[in-house]
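FYI, my numbering numbers position 49 of the sequence shown as 75, with every residue one higher than the one before it.
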Amino acid sequence: MTVPGVLLSSTDEMSWAWIGVRVRPALKMRDTGAFPNVTEPQRLAQTLTREHAWLANQWTTESDARWELRFCSDPRTKLLSCVLLGRVRDPDPCKAVQAAVRLRDRLTDSPMHVQTDPVLDAEEVSKHLVPGALDAKGTFEVRKRLEWADCTRPDTQRRYCFAVSPALPPADLSWEPLWRELAHAAEPTVLSVYLEPYRPTDALAADLHRLAAEYSHLSRPGVPSPVWNVLMRPDPFAVRTAPRYAHAAARYTSGTCFRTRISVISRSPLPRGFGELVAAKTGGGVAVSPPAGELDDIWHNLAALNRDWLDLTYAQGSPPDGMRESERILCDLSDLDEAALAFRLPYQVPGHLPLFDMSGRPRPHDSTTTER
27 MTVPGVLLSS TDEMSWAWIG VRVRPALKMR DTGAFPNVTE PQRLAQTLTR EHAWLANQWT
87 TESDARWELR FCSDPRTKLL SCVLLGRVRD PDPCKAVQAA VRLRDRLTDS PMHVQTDPVL
147 DAEEVSKHLV PGALDAKGTF EVRKRLEWAD CTRPDTQRRY CFAVSPALPP ADLSWEPLWR
207 ELAHAAEPTV LSVYLEPYRP TDALAADLHR LAAEYSHLSR PGVPSPVWNV LMRPDPFAVR
267 TAPRYAHAAA RYTSGTCFRT RISVISRSPL PRGFGELVAA KTGGGVAVSP PAGELDDIWH
327 NLAALNRDWL DLTYAQGSPP DGMRESERIL CDLSDLDEAA LAFRLPYQVP GHLPLFDMSG
387 RPRPHDSTTT ER
């Protein structure tokens, strides 16, 4: 089954289908909401509200759907282009193609401050997917901040304590400063924000509640036992982080959740502070530079819209193999509010210099077709 703009790959067991949607800001006043009686903060708040509602309507786990928003710089024009890429899978290739078309239709139905066009050429979709050769100094991943410490208590089986910081809105919600820095990158640079709708399982909910109970226990004085006959002091790390686990157990066990990945790739080192700017605008996380040995994994995550775990990059210096699976999930799990902070569609502020190419045909990232 062949449908224009659907890139299909199949094995005996599974079929994967990818699609693309070109995205650019709308310019008409009725679309941007930039009426004379609307202040800039009000207009930005309206934009955020529309994007939040749009993202909520996109949520579905049908055919393992996921999508990625990519902002691409062009050093020649100093303008950005933007494309939405999506992927589904199904054992039946025909059903995979049909699900891909449905995903493309949903993504194309955008908020009014955005204009979209479906990519109807599978080769163009492929070119958008495939990143160029990665430079270790120009590549980083933005993650929720992960902290850890040795557990000071002997009354549990825990050797290390971990804590993941939730995403927080920046003081300045405008993405213009970030887009401006990206547009002026010396070499072609791509900012990718990946979202994968996720339904928390009963097992994860149980694990999160167990973690909350465990850290609550460690945050209080321990009761002496025949094995340990002195009063045990609260673990200092647990005292500080137990509320986060109680919050996570309530926040991520129901409702609309996503698994996230934020990647930045460039052919050359990026300006100092750019990683921190991306982290601040997407929820206050941390920009992590990967070791050379994990560049291949990052390349394949981008090329296939995957979310494979990167042991060294994502651990952020914590002990290898020290985290439980539920703790790993917390590292990239977001609720709708957190996801909406990071997944910002392009917009144009009237009267400001344009930041986006308005031709409607984003240029695929300057890449080579040779795999790493």
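Yeah, the Cβ is synthetic: ideal placement off N, Cα and C, and Gly gets one too. These numbers come from a predicted model, not from an experiment.
Residue span of the beta strand (DSSP E) that contains residue i, given as start and end
| i | result |
| --- | --- |
| residue 223 | 215-224 |
| residue 313 | 312-314 |
| residue 287 | 283-292 |
Residue i: first and last residue of the uninterrupted alpha helix (DSSP H) it sits in
| i | result |
| --- | --- |
| residue 267 | 262-277 |
| residue 208 | 202-209 |
| residue 341 | 337-341 |
| residue 304 | 300-307 |
| residue 86 | No alpha helix (DSSP H) contains residue 86, which DSSP labels as neither H nor E. |
| residue 322 | 321-330 |
Residue i, buried or exposed, once every other Cβ within 10 Å from all chains shown has been counted against 16
| i | result |
| --- | --- |
| residue 77 | buried |
| residue 120 | exposed |
| residue 37 | exposed |
| residue 349 | buried |
| residue 84 | buried |
| residue 366 | buried |
| residue 298 | exposed |
| residue 397 | Residue confidence for residue 397 is low, a pLDDT of 40 falling below 50, so the modelled location carries little weight; the figure read from the coordinates is stated next. By the neighbour-count rule (16 or more Cβ atoms within 10 Å), residue 397 is not buried but exposed. |
| residue 395 | Model confidence at residue 395 stands at a pLDDT of 39, short of 50, so the residue's coordinates are unreliable; what they give is reported in the following sentence. Burial call: exposed. |
| residue 273 | exposed |
| residue 334 | exposed |
| residue 137 | buried |
| residue 142 | buried |
| residue 268 | buried |
| residue 320 | buried |
| residue 26 | In this structure the chain extends from 27 to 398, so residue 26 is not present and cannot be described. |
| residue 118 | exposed |
| residue 30 | exposed |
| residue 148 | buried |
| residue 249 | exposed |
| residue 33 | buried |
| residue 44 | buried |
| residue 185 | exposed |
| residue 131 | exposed |
| residue 358 | buried |
Residues that residue i bridges to, as DSSP identifies them
| i | result |
| --- | --- |
| residue 177 | Beta-bridge pairing links residue 177 to no other residue. |
| residue 41 | 36 and 116 |
| residue 247 | In the DSSP output, where bridge partners are listed per residue, residue 247 has none listed. |
| residue 190 | 172 |
| residue 93 | 112 and 221 |
| residue 51 | 140 |
| residue 46 | 111 |
| residue 258 | 248 |
Test: residue i CB closer than 8 angstroms to a CB of chain D
| i | result |
| --- | --- |
| residue 257 | The question asks about chain D, but that chain is absent: this structure has only one protein chain. |
At which residue ranges does the stretch 95-182 contain complete beta strand (DSSP E) runs of 3 or more residues, listed in the order of the chain? 105-116, 140-144, 165-169 and 172-176
Can you list, in chain order, the stretches of the beta strand (DSSP E) that have 3 or more residues and sit fully within the stretch 346-388? 359-361
For the stretch 93-104 against the stretch 205-214, do three or more pairs of beta-carbon atoms, one drawn from each stretch, fall closer than 8 angstroms, so that the two count as touching? yes
Count Cβ pairs between the stretch 335-350 and the stretch 156-174 that sit closer than 8 angstroms; are there 3 or more? yes
Would the stretch 323-332 and the stretch 366-381 be scored as touching if the rule is three or more Cβ pairs under 8 angstroms? no
Could you tell me whether the stretch 153-169 touches the stretch 63-83, using the rule of 3 or more Cβ pairs below 8 angstroms? no
Could you tell me whether the stretch 256-268 touches the stretch 173-189, where touching means 3 or more Cβ pairs closer than 8 angstroms? yes
Taking contact to mean 3 or more Cβ pairs, one atom from each stretch, closer than 8 angstroms, check whether the stretch 107-117 and the stretch 286-296 are in contact. no
Decide if the stretch 236-243 is in contact with the stretch 304-317; the criterion is three or more beta carbon pairs, one per stretch, under 8 angstroms apart. no
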